[in-house]
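Quick notes on the structure that follows.
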Amino acid sequence: MNAKKILITGGTGQVARPLAEALAAGNEVWCLGRFGTPGVERQLNVRGINTWRWDMDEVARDGLIGLPRDFTHVVHSAVRRGEDGDFNAAIEVNSVAAGRLMAHCRTAEAFLYISSGAVYARQTLDHAYTETDPVDGVADWLPAYPVGKIATEGTVRTFARMLGLPTTIARLNIAYGPGGYGGVPMLYFKRMLAGETIPVPLDGQQNWFSPLYTDDLVAQVPALWEAASVASTLVNWGGDESVGMTDCLRHLEHLTGVPAKLVESEVTRETYRFDPTLRRSLTGPCATTWREGIRRTLDALHPRHLER
């Protein structure tokens, strides 16, 4: 897409930054965030991206005052994850921020909110979740996170209808790739390098997930905007392939020779397998297999460990 005016929140994140950099080639892109990492705001500016400092935690003030309003497309990926365990703060900060952003950009052609598969009620570890599966907001590994996401989904649905703002809610699976820290697979690889243990479910079962490589993620965003509706289009956003996290770790071992020390645990970093049927109908198929995506990510972020 070209000649659009695009606003992206969480502009330094694993999802938002590569998206902003790709879209900046033919559009006017604005990134909102705190830009706490030294030099990162300048790096975005050098790529032709406008930046605006916005701290969602400051709920007592509207940090969007003075920001242009004439954006044609919006991606809201910024989030208060809730690592401090404060459920009320996760609900208030995320919901208020989403509402303010949608009101500010009410004339946009499409609004895309990035939610999470963590909202689903856990079924079997290999269950392929569809958009109609029940949610419960329970995640032992980060309890406040899915609660904040569910609350914000409610806010987004309400404002979409009240403002007449076409919206897509995309429940993201595991995004990964060369940008940023590489995504969850690379977080695990760093633990492998440090010789740390990695918790896996009891009885040798696997947490399944549907990894989405950066290039596919970027390519699919225009279609998710195109699918937006005032009733809020809900879609699971993951890759075409599903893989067990243990198999992913074994693949990392195969590519690098670095051992993965797996230990059975009652609490793991839960992941979810998606049924990609609806997403594929909106975006078309992914172009990168998960095995190739992992290899490319290693080659970009940990080249000396990749066995040639």
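With my numbering, the residue at position 83 of the sequence shown is 83, and numbering never jumps.
Glycine included, each C-beta is placed from N, C-alpha and C at the ideal position.
Euclidean distance between Cα positions of Glu-153 and Tyr-272 = 18 Å
Starting from the C-beta of Gly-244, find all residues in its chain whose C-beta is less than 6 Å away, skip the five residues before and the five after it, and write them out in chain order.
-> Result list for Gly-244: Gln-206, Trp-208, in chain order.
Which residues share a DSSP beta bridge with Trp-237?
-> Leu-172
For His-254, count neighbouring C-beta atoms within 10 Å of its own C-beta (all shown protein chains included) and say buried if the count is 16 or more, exposed if not.
-> exposed
In the stretch 180-209, which residue ranges form an unbroken alpha helix (DSSP H) of at least 4 residues, counting only runs that do not cross its ends?
-> 184-193
Could you spell out where the alpha helix (DSSP H) holding Asn-45 opens and where it closes?
-> 40-46
By Cβ distance below 7 Å, which residues in the same chain neighbour His-251 in space, the five residues on each side in sequence not counted?
-> Arg-291, Ile-294
Buried or exposed: where does Ala-287 fall if 16 or more other Cβ atoms within 10 Å of its Cβ makes it buried?
-> exposed
Give the secondary structure of Val-230 by DSSP, where H, G and I count as helix, E and B as strand, and everything else as coil.
-> coil
Taking DSSP as the reference, what is the three-state secondary structure of Glu-292?
-> helix
How would you label Val-46, buried or exposed, when you count the other beta carbons within 10 angstroms and need 16 or more for buried?
-> exposed
Exposure label - Val-267; buried when at least 16 CB within 10 Å | exposed
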